[in-house]
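Residues in the sequence shown are numbered consecutively from 2, following the working numbering.
Idealized CB from N, CA, C, for every residue including glycine.
What you are looking at is a predicted structure, and each value in this text was computed from that prediction instead of being measured.
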Amino acid sequence: MSPDFLLEMAWKSALLVLTGLALVLLMRHRPASERSLVLRLTVLLLLLLPVAALFGPRLAVEQPGIMADLAPAAAPAPMPRPAAAEPATVLPIAPTSPALPWQALLIAAYGLGVGIVLSRLVAGVLILRRWTRAARPLVHPLWGAAYDRALLRAGVRRRKVALLLSRQTPSPLGWGLRRPAILIDPATAARDEQAEAVLAHEMAHVARGDWPALIASRLALALFWFNPLVWLLDRRLSEQAEEAADMHAIRRIDPAAYAQTLLNCAAPGALALPANPMVANSDISRRIMAVLDEGARDRAARSRPASIATALACAAVLASAAAIAAVEVRPRVAAIVPSPVSLPTSVEPASAVSTPTEVAAVSTADAAAWPAPAPAPAPERAAMPDPLGAVVAEAVANPPAPPAPPPAPVAPLSPPTPPGPASPVAAAAPIAPVSPVPPVHVRVVKMPKITRESLLQSMGVTEAYVTAMATAFGIRIDEDEVVSLKALGVTPEQVRDWRAAGLRRLSVDDATQLAVLRIKADYVAGMRQAGLGDISVDDLSELRAMGISPEFAARARREGRAESVDELVEYKALGWR
Numbered sequence: 002m003s004p005d006f007l008l009e010m011a012w013k014s015a016l017l018v019l020t021g022l023a024l025v026l027l028m029r030h031r032p033a034s035e036r037s038l039v040l041r042l043t044v045l046l047l048l049l050l051p052v053a054a055l056f057g058p059r060l061a062v063e064q065p066g067i068m069a070d071l072a073p074a075a076a077p078a079p080m081p082r083p084a085a086a087e088p089a090t091v092l093p094i095a096p097t098s099p100a101l102p103w104q105a106l107l108i109a110a111y112g113l114g115v116g117i118v119l120s121r122l123v124a125g126v127l128i129l130r131r132w133t134r135a136a137r138p139l140v141h142p143l144w145g146a147a148y149d150r151a152l153l154r155a156g157v158r159r160r161k162v163a164l165l166l167s168r169q170t171p172s173p174l175g176w177g178l179r180r181p182a183i184l185i186d187p188a189t190a191a192r193d194e195q196a197e198a199v200l201a202h203e204m205a206h207v208a209r210g211d212w213p214a215l216i217a218s219r220l221a222l223a224l225f226w227f228n229p230l231v232w233l234l235d236r237r238l239s240e241q242a243e244e245a246a247d248m249h250a251i252r253r254i255d256p257a258a259y260a261q262t263l264l265n266c267a268a269p270g271a272l273a274l275p276a277n278p279m280v281a282n283s284d285i286s287r288r289i290m291a292v293l294d295e296g297a298r299d300r301a302a303r304s305r306p307a308s309i310a311t312a313l314a315c316a317a318v319l320a321s322a323a324a325i326a327a328v329e330v331r332p333r334v335a336a337i338v339p340s341p342v343s344l345p346t347s348v349e350p351a352s353a354v355s356t357p358t359e360v361a362a363v364s365t366a367d368a369a370a371w372p373a374p375a376p377a378p379a380p381e382r383a384a385m386p387d388p389l390g391a392v393v394a395e396a397v398a399n400p401p402a403p404p405a406p407p408p409a410p411v412a413p414l415s416p417p418t419p420p421g422p423a424s425p426v427a428a429a430a431p432i433a434p435v436s437p438v439p440p441v442h443v444r445v446v447k448m449p450k451i452t453r454e455s456l457l458q459s460m461g462v463t464e465a466y467v468t469a470m471a472t473a474f475g476i477r478i479d480e481d482e483v484v485s486l487k488a489l490g491v492t493p494e495q496v497r498d499w500r501a502a503g504l505r506r507l508s509v510d511d512a513t514q515l516a517v518l519r520i521k522a523d524y525v526a527g528m529r530q531a532g533l534g535d536i537s538v539d540d541l542s543e544l545r546a547m548g549i550s551p552e553f554a555a556r557a558r559r560e561g562r563a564e565s566v567d568e569l570v571e572y573k574a575l576g577w578r
């Protein structure tokens, strides 16, 4: 990478970002989802700009001159005749240390900036990954119902998004590509009446793919960190993504209640991470005004997935990016105008020139008696060399020699000798016969036919296992339920232990839920001994998902902090230990 290429990327990226931001400004009366689409396309083209500039078609454009098309310059002033040169005094040069070239310093500074921005991005992703690993599933009836409704309204496939409770996150946020995760802080989890608004907002981010767009914007920021317009583009993209998620959430939620949720979820420090936070303090006022603006809500409700304005804006960004990437500015070459040469008008004929035939000898004394010739006056202007006049003078002084006589005629060539008879071609040697390929013996192996009975037998679902499970449950169960229980490792002994611990009316679905959460019979018995007598499988699953142990439940009841399962979950979500 050269400094010239960095300079080229600087002005090209500035033009591309200015085009995208100008189009978004013209679309200020369009929904935020359409403006966000134009900004995403700008970010994508910004990432492809170096590749297109290096390997794409080139359109050479001459650099415009500042002082072009001026009058021809005057002839240079004559240089004075130098006087007799005096011997110069040579001084020794002190040795100096070699200076570091500025090109290397510029490239090193660019690499340092890229490394700083990329390190911040990687550190943020690692922090989110650590928070997600330390988080636990958020199991709550209201949050679960709001989760199902948000999945349905956003059009996200079920069980694709993980709903987790995290103590580290300052406010609700979502992140992830293959398996997105929504992290809920304990304070927000305690306000279960706001679950609908929070999950609708975060599910909108997942459905729109805002997190991959955010990562692409941060990568563009790392490549063009020296361009302040790229930082502005990253900020505008985050703002439009949040506003688009807000407009999606308030379609079925009261705007005033949603604005109150934004105020309650505001927390500092979430914007620095590469995630989609529910609220950042820097843009909360603007978002609340947009939510309460009836005109903005109407525009969002009437928006279509692909409007004419959005299509035209995207086409304009594509055309601008193609033109900007193809332009190659070359330096202007100055035109060399030759100075006019004066040609002689007449030449004295050679006959008029007198040529002396003999010169008299002059003695030394007579030569000394003659006066010295006066020095010629210095010309006021240096004469320009006249190459044409010199050629003419030389031609006059040295006339050309007479032409030589024509050469003697050349004798005619003898006729060519006819070629002799061609020698016979030797016959090719016969090709040796190829040995035959030995036959290949193929053995056909007949695979045994796989039946349902053989498949169940290989999984360990035998008739004895089916009978034992039916006896343990006390009800009749079909083969599919038995296969799912066997895949989870449920044994008849575990079923009997669960029922003996107090779960008398245990169904196959209950056993599946207990096996998935790894709830043993001693956990059930411990919760009953802690004072939660008639406890259901759903209550046990919620307590286990929140990390509530029988000892925690017993201590909370002794201290009078919690009496029911809901109170235990609430106190645990608030961080009480």
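Straight-line gap, residue i to residue j (C-alpha atoms, nearest Å)
i	j	result
S582	N277	Any property of residue 582 remains undetermined from this structure, which presents the chain solely from 2 to 578.
R29	G548	48 Å
V483	R477	10 Å
L233	L24	14 Å
S637	A324	The first residue shown for the chain is 2 and the last is 578, placing residue 637 beyond what the model contains.
K573	P173	18 Å
Q514	V39	46 Å
D523	A501	10 Å
A190	G145	12 Å
H141	R150	14 Å
F474	D235	59 Å
R180	P102	48 Å
L504	L489	19 Å
R558	G532	8 Å
A109	L238	29 Å
V231	S167	33 Å
V52	L153	40 Å
L113	Q104	14 Å
V330	G57	15 Å
D511	W499	10 Å
V115	A221	10 Å
A326	W12	11 Å
Q530	R36	59 Å
K161	T311	30 Å
Beta bridge counterpart(s) of residue i as assigned by DSSP
i	result
R137	L166
G175	I183, N277
Cβ-Cβ separation, residue j to residue i (assumed contact under 8 Å), whole Å
i	j	result
T170	D193	With 8 Å as the limit, T170 and D193 do not qualify as a contact, their Cβ atoms being about 17 Å apart.
A469	P493	4 Å
A245	S3	Actually they are not in contact, since the Cβ atoms of A245 and S3 sit about 40 Å apart, beyond 8 Å.
L200	L165	Not confirmed; about 12 Å, so no contact.
M279	H202	6 Å
Sequence-distant residues of the same chain with beta carbon closer than 7 Å to residue i, five excluded per side
i	result
L127	none
A208	A155, G156, V157
S485	T513
L274	G125, I128, L129
L569	L544, I549, A554, A557, A563
Contacting residues, own chain, Cβ-Cβ under 8 Å from residue i (five flanking each side not counted)
i	result
K487	M460, G461, V462, Y466
A198	A250, I254, A258, Y259, T262
I117	W226
S14	L47, L50, F225, N228, L230, V231
V496	M470, A473, F474, L507, A512
R219	V118, L122, D235, P275
Cut-off 6 Å between Cβ atoms - residues of its own chain near residue i, not counting five sequence neighbours on either side
i	result
A322	L17, L46
H249	A205
L518	S542, R545
A163	A182
W176	L129, W212, A276
R41	A214
A196	L143, W144, A147
D540	V566
L119	A223
A217	V44
C-beta neighbour in chain D for residue i, strict 8 Å
i	result
V140	Looking at the structure shown, chain D is missing, and only one protein chain is on hand.
Touch test, the region 249-262 against the region 220-232, Cβ-Cβ under 8 Å, three pairs minimum: Cβ pair count under 8 Å is below three, so no.
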